[in-house]
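Comments concern the structure below.
Protein chains: 2
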Amino acid sequence: MAASDRIWTAALVVIGDEILSGRTHDKNIAQIATWLQVQGIRLAEVRVVPDVEDRIVEAVNALRARNDYLFTTGGIGPTHDDITVDAIARALGVPVVIHPEARAMLERYYSGRGSALTDARLRMARVPEGAELIPNRMSGAPGIRIGKMFVMAGVPHITAGMLDALTGTLEGGAPLLSRTIGCWVAESEVADILRNAEQAHDGVQIGSYPFFREGRVGANFVVRSTDADVLDRCLGELTHALESAGYSVHPGEI
Amino acid sequence: MAASDRIWTAALVVIGDEILSGRTHDKNIAQIATWLQVQGIRLAEVRVVPDVEDRIVEAVNALRARNDYLFTTGGIGPTHDDITVDAIARALGVPVVIHPEARAMLERYYSGRGSALTDARLRMARVPEGAELIPNRMSGAPGIRIGKMFVMAGVPHITAGMLDALTGTLEGGAPLLSRTIGCWVAESEVADILRNAEQAHDGVQIGSYPFFREGRVGANFVVRSTDADVLDRCLGELTHALESAGYSVHPGEI
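Keeping their order, the protein sequence lines are chains A and B. Mapping of the first sequence onto full-length UniProt numbering: residues 1 to 254, in sequence order. Mapping of the second sequence onto full-length UniProt numbering: residues 1 to 254, in sequence order.
Shown next as structure tokens:
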């Protein structure tokens, strides 16, 4: 495999009882997936686990062993249910320490608001030993980077700020490119055409996403490849095959 | 532990490259979590895996071993990327067969639309041997029940119809009750109050969900328990403690 063909992968552990109870609709999976694509890194798997230290440790250790990067979201605030730092330190076998720079950031943040750095707030300066901080302009609490692990907030717009700070700093491969065409057709009618188009082009995946709208069935077909030429060729042949079979093809998603 | 204290758990495997690529925002996690709560079943963990048979088999086997129920969503349509049935049959060590009733349902569905039951469409009648069907009024393709496993669609409104058909048919325990209060306060200021309230009441969990809105910080506190009396007592004491500390408590979510 040429160096340029190396596929970089990341996994994500979403930590939060509020996701598993249905109270909160997760937005971090899609946000992190989209951001990773642009960095040339593929999101390979996600686990959603409860606020239980053993479960976090188990997921972190399973996923970091087989991916280039590991992200977590949630559980880094000041309250008793925020146990992510302890779990990650345990997974890595290192102690939890107060990061002096994080402490200073929190002091500045709260004194600027005429407020004190209480013990609860100081919890947000706790990191696994050896960690660096990921700046966060939205609130006083930084994210944490330790080796190939990235510990982010649960609140999506805070995580967005942390991702912004990381943009361009992670080594990745060729980004997975994708192009979409749509058809007002039941996907089952064109299943053979899709399968043949995928098999005829190495390294291409074609996803079929059916919908039912305005009383009619249709489907979008997403063609993915890291090679722009192969992608174009596959898309052209798929479009031609659909049109030859009598279907009108919409350029882009319907 | 009394029989009534038994906690029933379910796990969910979300199957889909479109979730991992960020193209589609998952709605099934929240939908299934909410539905399970009402059945007295707790969603204990979720994994999102790609359309790769090995990965589906691995997740299914890991999660079914340690939960009362296992749900999957995605990958049960007629196209080449729909491999869920094959993966589950492999995980269970049973062959894939055509279910006669599913075949008849598909025949009726397509002949009613003046259309033929092609080979691709017949794929939707394939089930792991020993499976029963879960009716689906939205389209011809049924869901699948095999033992404690439930194989659902990826499209959320089709899964909603399948959940509807299952309502009241799964044994569960006492539902996890929850009540929410809100406060215009930084959660870090009341961290000790929250921790103390949780520790003082057996089997109660308190989640703290901060927000930043209209230029002010606030937080909602969700108190959860299977015991309505304990829940009420904890909520009363938490409210009193917050008010005694000078905070105004909003009944219900802010």
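Every residue gets a Cβ at the ideal spot worked out from N, C-alpha and C, and that includes glycine. These numbers were taken from a predicted model, which means no experiment stands behind them.
For the stretch 63-83 of chain A and the stretch 198-208 of chain B, state whether three or more C-beta atom pairs, one from each stretch, are separated by less than 8 angstroms. yes
Does DSSP put B:Val49 in a helix, in a strand, or in coil? strand
Measure the Cβ-Cβ separation of A:Ala131 and A:Arg145 and say whether it is below 8 angstroms. yes
Exposed or buried, B:His157, counting other C-beta atoms within 10 Å across all chains shown (16 or more means buried)? exposed
May I ask you to list the residues that DSSP assigns as paired with A:Ser225? A:Leu177
Going by DSSP in three states, B:Pro156 sits in which element: helix, strand or coil? helix
Tell me whether the beta-carbon of B:Ala44 lies closer than 8 angstroms to the beta-carbon of B:Ala91. Using a Cβ distance threshold of 8 angstroms, B:Ala44 and B:Ala91 do not count as a contacting pair.
If contact is defined by three or more beta carbon pairs under 8 angstroms, each pair taking one atom from either stretch, is the stretch 231-251 of chain A in contact with the stretch 12-31 of chain B? Taking one beta carbon from each stretch, the stretch 12-31 of chain B and the stretch 231-251 of chain A have fewer than 3 pairs nearer than 8 angstroms; the two do not touch.
Residue range of the alpha helix (DSSP H) that A:Gly106 falls in? Going by the sequence as given, residue 106 of chain A is Leu instead of Gly. That run of the alpha helix (DSSP H) goes Pro100 to Ser111.
Hey, is B:Asp17's beta-carbon within less than 8 angstroms of any beta-carbon in chain A? yes
Taking DSSP as the reference, what is the three-state secondary structure of A:Arg6? coil
Anything in chain B within Cβ reach of A:Ala191, meaning under 7 angstroms, just list it in chain order. Pro78, Thr79, His80 and Ala120
Span separating the alpha-carbon of residue 265 of chain B from that of A:Ile56: Summary: the structure shown does not reach residue 265 of chain B, with chain B confined to residues 1 through 254, and so no result is reported for it.
Closer than 7 angstroms by beta-carbon distance: list the chain A residues that pair up with B:Ala30, in chain order. Gly22 and His25
Start and end of the beta strand (DSSP E) containing A:Arg90? No beta strand (DSSP E) contains A:Arg90, which is instead part of the alpha helix (DSSP H) from Thr84 to Leu92.
Pull up the distance between the alpha-carbon of A:Glu129 and that of B:Leu238, whole angstroms please. Going from the Cα of A:Glu129 to the Cα of B:Leu238 covers about 35 angstroms.
Nonlocal neighbours in the same chain, by C-beta distance under 8 angstroms from A:Asp164, ignoring five residues either side: So the list is empty, once near-sequence residues are dropped.
Taking 8 angstroms as the threshold (C-beta atoms), are A:Leu20 and A:Val46 in contact? Their beta carbons are not under 8 angstroms apart, which means A:Val46 does not touch A:Leu20 by this criterion.
Which residue from A:Val127, A:Ser188 and A:Gly168 puts its Cα closest to that of B:Leu106? With distances taken between Cα atoms, B:Leu106 lies closest to A:Ser188.
Any C-beta of chain B sitting closer than 8 angstroms to the C-beta of A:Thr84? no
Beta-carbon proximity check, B:Leu170 vs B:Gln39, cutoff 8 angstroms: yes
CB A:Val190 to CB A:Ala102, shorter than 8 angstroms? No, the pair does not count as a contact, with Cβ atoms beyond the cut-off.
Alpha-carbon spacing of B:Ala197 relative to A:Ile181, whole angstroms: The alpha-carbon atoms of B:Ala197 and A:Ile181 are separated by roughly 55 angstroms.
Rounded C-alpha distance that separates B:Asp86 from B:Val217: 50 angstroms
Between B:Val155 and B:Val127, is the Cβ-Cβ spacing less than 8 angstroms? Against a cut-off of 8 angstroms, the Cβ pair of B:Val127 and B:Val155 comes out as no contact.
Where B:Gly143 and B:Ile88 are concerned, what is the direct C-alpha to C-alpha distance, given to the nearest angstrom? Rounded to the nearest angstrom, the two C-alpha atoms are 13 angstroms apart.
Coarse secondary structure for A:Met1, derived from DSSP in three states: The predicted model places A:Met1 with a pLDDT of 42, which falls under 50 and marks its position as unreliable; any figure quoted below should be read in that light. Three-state result, A:Met1: coil.
Going along chain A in order, which residues have a C-beta closer than 8 angstroms to the C-beta of B:Pro128? Ordered by position in chain A, no residue passes the 8 angstroms Cβ test against B:Pro128, which lies about 21 angstroms from the chain.
So what does DSSP say about A:His240, is it helix, strand or coil? Look at A:His240 here: in three-state DSSP terms it is helix.
Quick one: is A:Ser225 buried, meaning 16 or more other Cβ sit within 10 Å of its Cβ, or exposed? buried
Buried or exposed for B:Asn136, going by 16 or more other Cβ atoms inside 10 Å? buried
Would a C-beta distance cut-off of 8 angstroms place B:Met152 and B:Met162 closer than the cut-off? yes
Exposure of A:Asn61, with buried meaning 16 or more beta-carbon neighbours within 10 Å: Only exposed fits A:Asn61, as fewer than 16 other CB atoms lie within 10 angstroms of its CB.
How about A:Ala141 and A:His99: do their beta carbons lie closer than 8 angstroms? no
Thinking C-beta only, is B:Gly203 closer than 8 angstroms to B:Trp8? No, the pair does not count as a contact, with Cβ atoms beyond the cut-off.
Compare the C-beta of B:Leu166 against all C-beta atoms of chain A and say whether one is closer than 8 angstroms. no
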